[in-house]
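Protein chains in written order, with the working numbering: chain A, 1 to 306; chain B, 1001 to 1158.
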């Protein structure tokens, strides 16, 4: 993909920029620049002080990313993934997925994000799902087919919401990129980015998108983050009124259907049996899955449409 | 007598809450003020990103707010930030803000950066994301969906 090549260039350029910033002393450069901005009336004294203080705390982390920035990162991550994984065009199925998914999201610890939660089906048999920052959730037909009932589907979506609420995507961004990008941001706080600054921030942006997509597609998150998303899913399911046994049922199906060493979850997620063991430890003995007819019927119609 | 003490204590707490009102900023695109502390509550006011509200103490995730126009209602804590969101350069100054207290709207990774990214990667499927972002389900439809499917939390609705 093109942006990966340009990203490589950025790593070199960004590295030089970073070295430059470090040599110059980030806080010193910032103070000089905020002084100029202040003198020109672009920012006021208090804003200048604030920016100077923030530049002094050079320890930039994903926590410095605002919900608005998280939204833009998420949009580009989703757009990149949906270039490889084409959306499955079925309005009724997509609507059903969003009714269920957005309902579950409202019961999460982060019911509102900058742009809200949105769900889409990826047209692939691969067993896979992605949660891009800010709430863009993509689930493959292959994974949906591992669900035998609505409770299981709710579990899949709630797990992805769990990744969003815990900002796992942002955590995949390399710290060095944020140091670079957020330093430029601090320097250019009072005005719109233009020219070289816009180019530099865009390169840091591309780098961040690459970090997240490569985590989602190739490396996967650490097991502990997956277990955290499973725990969030159980919490959400209980709050809404779905049976968390749906998660175990879905993982059981995944275990049977996923060829060893396959792409998607086979590569990026802990073994389904390990997840079952981990979830069961906290769940005890859940009630058996026993869905009312209306719920079964609407889920069956959804599954048939895939 | 005991009841009186409890009522008096609650009253005192209420006053303390009012005294502790703090300024918060809307940190979502479509801020919604609701009549009751629930996503099913009627939306009584809509606030843009960065709008300031006067906030009282949180109650189970919901914050009683008063907008700058004087409307009162509830907003979910996820939609509000303690950071002051500065919309324009040279606007109302941050009051002794530290980095933890100040966010700059529209800065950093923003629509300009997305446009640059798009220009450099024209094949990337933003059309799909734009379609996705338009899908917004009304809380009433969610409620009907749950009722039709007999989905009920074991401990009763919250």
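Beta carbons: idealized from backbone N, C-alpha and C, even for Gly. Small disclaimer: the values here were computed from a predicted structure and weren't measured.
So, does the CB of residue i fall closer than 9 Å to a CB anywhere in chain A?
i	result
residue 1065/B	no
residue 1045/B	no
residue 1116/B	yes
residue 1152/B	yes
residue 1068/B	no
residue 1129/B	yes
residue 1060/B	no
residue 1141/B	yes
residue 1136/B	yes
residue 1103/B	yes
residue 1132/B	yes
residue 1028/B	yes
residue 1078/B	yes
residue 1146/B	yes
residue 1053/B	no
residue 1108/B	yes
residue 1113/B	yes
Would you kindly report the start and end of the unbroken beta strand (DSSP E) that includes residue i?
i	result
residue 1032/B	1030-1034
residue 122/A	118-122
residue 1048/B	1043-1048
Residue i: which of the options sits nearest, CA to CA?
i	options	result
residue 1060/B	1039/B, 1052/B, 1137/B, 1070/B	1039/B
residue 1103/B	1138/B, 1116/B, 1086/B, 1114/B	1086/B
residue 247/A	232/A, 204/A, 130/A	232/A
residue 70/A	87/A, 165/A, 90/A, 88/A	165/A
residue 1126/B	237/A, 74/A, 227/A, 64/A	74/A
residue 274/A	264/A, 286/A, 254/A	254/A
residue 135/A	241/A, 157/A, 86/A	157/A
residue 267/A	205/A, 200/A, 216/A	216/A
residue 131/A	162/A, 236/A, 239/A	162/A
residue 1070/B	1120/B, 1044/B, 1083/B, 1084/B	1044/B
residue 1142/B	103/A, 178/A, 133/A	103/A
residue 208/A	76/A, 67/A, 68/A	76/A
residue 1147/B	294/A, 303/A, 304/A, 206/A	294/A
residue 121/A	300/A, 138/A, 238/A, 68/A	138/A
residue 1084/B	1062/B, 1051/B, 1123/B, 1077/B	1051/B
residue 230/A	276/A, 178/A, 172/A	276/A
residue 79/A	133/A, 96/A, 116/A	133/A
residue 90/A	284/A, 110/A, 141/A	141/A
residue 84/A	113/A, 116/A, 124/A	124/A
residue 306/A	205/A, 143/A, 225/A	143/A
residue 1041/B	1121/B, 1032/B, 1047/B	1032/B
Using a Cβ-Cβ distance cut-off of 9 Å, determine whether residue i contacts chain B.
i	result
residue 119/A	yes
residue 294/A	yes
residue 304/A	no
residue 27/A	Any reading at residue 27/A needs caution, since the residue's pLDDT is 39, under 50, leaving its predicted position unreliable; the model's value is listed next. Judged by the 9 Å Cβ criterion, residue 27/A is not in contact with chain B.
residue 171/A	no
residue 124/A	no
residue 310/A	No information on residue 310/A is available, as it lies outside the stretch 1 to 306 that chain A covers here.
residue 9/A	Model confidence at residue 9/A stands at a pLDDT of 35, short of 50, so the residue's coordinates are unreliable; what they give is reported in the following sentence. By this cut-off, residue 9/A is not an interface position.
residue 35/A	Its pLDDT being 48, under 50, residue 35/A is placed unreliably in this model, and the value from its coordinates should be taken loosely. Output row for residue 35/A: interface = no.
residue 196/A	no
residue 276/A	no
residue 65/A	yes
residue 128/A	no
residue 168/A	no
residue 289/A	no
residue 162/A	no
residue 3/A	Because the pLDDT at residue 3/A is just 37, under 50, the model does not fix this residue reliably, and the value given afterwards should be weighed accordingly. With 9 Å as the cut-off, residue 3/A counts as an interface residue toward chain B.
residue 24/A	Here residue 24/A scores only 33 on pLDDT, less than 50, and its place in the model is too uncertain to base an answer on.
residue 248/A	no
residue 301/A	no
Span of the alpha helix (DSSP H) holding residue i?
i	result
residue 1084/B	Element bounds for residue 1084/B: not the alpha helix (DSSP H) but the beta strand (DSSP E), 1084-1086.
residue 67/A	67-84
residue 268/A	265-268
residue 1111/B	1111-1120
residue 164/A	150-165
residue 173/A	First-last for residue 173/A: undefined, no H or E at that position.
residue 1135/B	First-last for residue 1135/B: undefined, no H or E at that position.
residue 1147/B	1139-1148
residue 294/A	293-304
For residue i, which beta-bridge partners are listed by DSSP?
i	result
residue 1067/B	1053/B
residue 1022/B	1055/B
residue 1072/B	1066/B
residue 87/A	122/A
residue 138/A	120/A, 130/A
residue 1080/B	1026/B
residue 1103/B	1085/B
In chain C, which residues lie with their C-beta within 7 Å of the C-beta of residue i?
i	result
residue 80/A	Here chain C cannot be found, since the structure's protein chains are A and B.
My parser needs the alpha helix (DSSP H) runs of 4 or more residues fully inside the segment 190-271 of chain A; what are they?
195-214, 223-240, 245-257, 265-268
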